[in-house]
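Just so we're aligned, residue 4 is where the sequence shown starts under the working numbering, counting upward by one. From the three backbone atoms N, C-alpha and C, an ideal C-beta is built for every residue, glycine too. One structure is given here, and the rest of the page talks about it.
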Amino acid sequence: MEGKITTGWDHETDVLVVGSGAGALTAAIVAADNHADVLVIEKGELFGGTSATSGGVLWIPNSHLAKAAGQQDSREEAIEYISALAGDVDPKRIEAFVDMAPAMLQYVEREANVLYNSIPYTDYHAELPGGKLGWRSHDPVPLDGRLLGDDLRWMRPTHASAMLFGKISWTAAEAAPMITRWPGWFKSLLKVLWRYYSDIGQRLKSDRARFLTGGNALVARLKLALDKRHVPLWRKAPFADLIVEDGKVVGATVVKDGRVQRIRARKGVILAAGGFERNAELRGANLRRSPDPDVSGGQPDNTGDTLLAAERAGAAVERLDSAWWAPTIKVPGEDRARPLFFERSLPGSIIVNQAGKRFTNEAASYHIVGKEMFEKNLPGAETTPAYVIFDATFRSKYPMGPVMPVFPDFTMRGEVKQIVTKANSIAELAEKLGLPADALVATVERFNENSRRGEDPDFGRGHQPYDRYYGDPKVQPNPNLLPLEKAPFYALPVNPGDIGTNGGLVTDSHGAVLDKQGKRIPGLYAIGNTAASVMGRSYPGAGATIGPAMTFGYAAARDLTGANQPVG
Numbered sequence: 004m005e006g007k008i009t010t011g012w013d014h015e016t017d018v019l020v021v022g023s024g025a026g027a028l029t030a031a032i033v034a035a036d037n038h039a040d041v042l043v044i045e046k047g048e049l050f051g052g053t054s055a056t057s058g059g060v061l062w063i064p065n066s067h068l069a070k071a072a073g074q075q076d077s078r079e080e081a082i083e084y085i086s087a088l089a090g091d092v093d094p095k096r097i098e099a100f101v102d103m104a105p106a107m108l109q110y111v112e113r114e115a116n117v118l119y120n121s122i123p124y125t126d127y128h129a130e131l132p133g134g135k136l137g138w139r140s141h142d143p144v145p146l147d148g149r150l151l152g153d154d155l156r157w158m159r160p161t162h163a164s165a166m167l168f169g170k171i172s173w174t175a176a177e178a179a180p181m182i183t184r185w186p187g188w189f190k191s192l193l194k195v196l197w198r199y200y201s202d203i204g205q206r207l208k209s210d211r212a213r214f215l216t217g218g219n220a221l222v223a224r225l226k227l228a229l230d231k232r233h234v235p236l237w238r239k240a241p242f243a244d245l246i247v248e249d250g251k252v253v254g255a256t257v258v259k260d261g262r263v264q265r266i267r268a269r270k271g272v273i274l275a276a277g278g279f280e281r282n283a284e285l286r287g288a289n290l291r292r293s294p295d296p297d298v299s300g301g302q303p304d305n306t307g308d309t310l311l312a313a314e315r316a317g318a319a320v321e322r323l324d325s326a327w328w329a330p331t332i333k334v335p336g337e338d339r340a341r342p343l344f345f346e347r348s349l350p351g352s353i354i355v356n357q358a359g360k361r362f363t364n365e366a367a368s369y370h371i372v373g374k375e376m377f378e379k380n381l382p383g384a385e386t387t388p389a390y391v392i393f394d395a396t397f398r399s400k401y402p403m404g405p406v407m408p409v410f411p412d413f414t415m416r417g418e419v420k421q422i423v424t425k426a427n428s429i430a431e432l433a434e435k436l437g438l439p440a441d442a443l444v445a446t447v448e449r450f451n452e453n454s455r456r457g458e459d460p461d462f463g464r465g466h467q468p469y470d471r472y473y474g475d476p477k478v479q480p481n482p483n484l485l486p487l488e489k490a491p492f493y494a495l496p497v498n499p500g501d502i503g504t505n506g507g508l509v510t511d512s513h514g515a516v517l518d519k520q521g522k523r524i525p526g527l528y529a530i531g532n533t534a535a536s537v538m539g540r541s542y543p544g545a546g547a548t549i550g551p552a553m554t555f556g557y558a559a560a561r562d563l564t565g566a567n568q569p570v571g
């Protein structure tokens, strides 16, 4: 919406933040701390965006928390590592992220009580120059949800795939021994179950946990800090369009209470509304090899509204064919697909295409495996869907998407039973799946023979640090490999999906949106998945989505408010 507009505002503020994920709330807090009036608007009924549904991990190189844990990192190593992966990203943006990310983390810890622990979670490509075997990923400190009061009801819940039985919250430290049945796993299970079911007051009202972990803990802490600054957050207030005056973004139109309202933003608008992964038209036009929004693990409100509006205002875009890829399982009735983050690494399972053959290292990062799935979706060897196959030994010990170990088959929810195929032999399983039986039997026999030696000469499964991170350390010599031998055998359909798009608006080192000539569009900023990622098409490590979102939210808020105090 462009033209000369000087009157008729329904609401005025200094900074309008569109979206309510971690990057958006960080930007709002920093802007408020720099004496700006701030308004946050959220499209959905629930706040928190994709951040709230996630694990909430931040990838922050060279942080003060890593140093406090006695770990060594440096600016130079971080830049070298990202640069080796990010491709055509402006080096100045990479340097800006590496320089500002540690300062941002210190800021939110000090000023907003956003607490984290540096953890030994290996970089996804630790074998590359500058890569690290851990401590760049940071895990949120849990929080008592009762501190949120009624806001707990309106915060977007954790994705079902990140909770025990789809509803019970747990920390990474609690989940790890249960996933691999490491000594002490049963004690961890009892602790988690007791914490959940002993909260009788909440159980009588809701199945939602009040012990907040992951992205819920992160967003809850940011929301409490926002409330402390008296910054309003409008829910059910979808963004409609930008208002441009003489080439400058001066506000936006927003639908609130059933009518269009014109919001003036005296200093600027920060677009932080996620990507476009759930928009069928945009996905079909840009993610042509993975066009179905139903295979995405992104939350349903991510439909690219702000991306389209910024393009109408003259913004440049890049890498719209890129996403944070992941293999996903679609459970009927759920509002998004379930990414397979770690299960693929556990020993005793494989993924095959419709020719009945393996096509990738199943234990590589979810970004790499998801990308391999659509790149190798070829005639006669389709991977839409592919199938993850495992035996009774795996079934009894490890989780696989919605299928939980220990509990017998008859306890599976009806929706899960709809997508599980079970058979007494690999040949019978192939027949039920419509795969060539000879090929699948040969694939499993070859995999089994190599697994007994702890080898995978075809795809190198278990050779890299990331592979082994999610393996079962009790299994030797290779924690990612066990043969599939014991009937019955199981299969689940797996699709080339994602957890969000990562191409978008072109921005500078402060998050300001650039036009097609590389010049700033005055008054307009974009962060998170609305902007093209500083990581390019790569995924350096756990938290490489939210870490940059918060960092550039911090940078954008400081830039548009004219903050001149030392960074951090």
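Please list the terminal residues of the continuous alpha helix (DSSP H) segment that includes residue i.
| i | result |
| --- | --- |
| S54 | 52 to 56 |
| N219 | 217 to 231 |
| K194 | 188 to 200 |
| H370 | 369 to 378 |
| N289 | 283 to 289 |
| V117 | Element bounds for V117: n/a, residue is neither H nor E. |
| K400 | 395 to 400 |
Distance, Cα to Cα, residue i vs residue j?
| i | j | result |
| --- | --- | --- |
| Q568 | R561 | The pLDDT assigned to Q568 is 49, lower than 50, so where the model puts this residue is not dependable; a value taken from the coordinates is nonetheless given after this. For Q568 and R561, the distance between alpha carbons rounds to 9 angstroms. |
| P551 | L432 | 44 angstroms |
| A163 | P241 | 25 angstroms |
| A490 | F168 | 25 angstroms |
| V21 | A313 | 12 angstroms |
| K420 | R292 | 28 angstroms |
| G514 | M107 | 14 angstroms |
| E248 | Y110 | 34 angstroms |
| L415 | A129 | Rather than Leu, the amino acid found at residue 415 in this sequence is Met. For M415 and A129, the distance between alpha carbons rounds to 38 angstroms. |
| A212 | V334 | 22 angstroms |
| A223 | L151 | 7 angstroms |
| Q467 | T256 | 49 angstroms |
| A319 | T174 | 40 angstroms |
| G148 | L155 | 6 angstroms |
| L196 | G137 | 29 angstroms |
| S57 | W12 | 36 angstroms |
| V372 | W327 | 11 angstroms |
| A71 | G277 | 33 angstroms |
| E15 | K519 | 29 angstroms |
| M166 | A178 | 9 angstroms |
| W157 | A275 | 19 angstroms |
| T52 | E280 | Reading off the sequence, residue 52 comes out as Gly, not Thr. Distance between the alpha carbons of G52 and E280: 13 angstroms. |
| A445 | W237 | 58 angstroms |
| M403 | Q205 | 29 angstroms |
Can you tell me whether residue i is buried or exposed? The criterion is at least 16 other CB atoms within 10 Å of its CB, across all chains shown.
| i | result |
| --- | --- |
| I203 | exposed |
| T548 | buried |
| Y200 | exposed |
| R78 | exposed |
| Q357 | buried |
| T9 | The predicted model places T9 with a pLDDT of 48, which falls under 50 and marks its position as unreliable, so this point remains unresolved. |
| K135 | buried |
| K7 | For K7, the predicted structure reports a pLDDT of 47, less than 50, and the residue's modelled location is therefore unreliable. A value from the coordinates is still provided. By the 10 Å Cβ count, K7 comes out exposed. |
| L207 | exposed |
| S428 | exposed |
| V409 | exposed |
| V60 | buried |
Measuring alpha carbon to alpha carbon, tell me which of the options ends up nearest residue i.
| i | options | result |
| --- | --- | --- |
| Y369 | R211, S299, T309, D459 | S299 |
| R540 | L323, S209, F410, V516 | L323 |
| A366 | L517, M376, K379, E346 | E346 |
| E114 | R232, P294, V252, N483 | R232 |
| A220 | L146, G254, T504 | L146 |
| R1 | K270, R267, L310, Q264 | The requested residue 1 is not part of the displayed model; the chain covers only 4 to 571. |
| W185 | Q74, G317, Y473 | Y473 |
| V234 | A25, G250, E452, L42 | L42 |
| G24 | L229, D76, H38 | L229 |
| I32 | V117, G47, A529, D518 | V117 |
| I353 | G417, P330, N532 | P330 |
| G307 | L68, Y390, A529 | A529 |
| A535 | S399, A340, T504, A69 | T504 |
Tell me which residue opens and which closes the beta strand (DSSP E) that residue i is part of.
| i | result |
| --- | --- |
| Q264 | 262 to 274 |
| P350 | Run containing P350: none; DSSP gives neither H nor E here. |
| F242 | 242 to 248 |
| L527 | 523 to 529 |
| P330 | 326 to 332 |
Minimum length 3: unbroken beta strand (DSSP E) runs contained in the region 437 to 512: Here the runs fully enclosed are 492 to 504.
Mind listing, in chain order, the continuous alpha helix (DSSP H) runs of no fewer than 4 residues lying wholly within the region 20 to 82? Runs found: 25 to 36, 52 to 56, 67 to 71.
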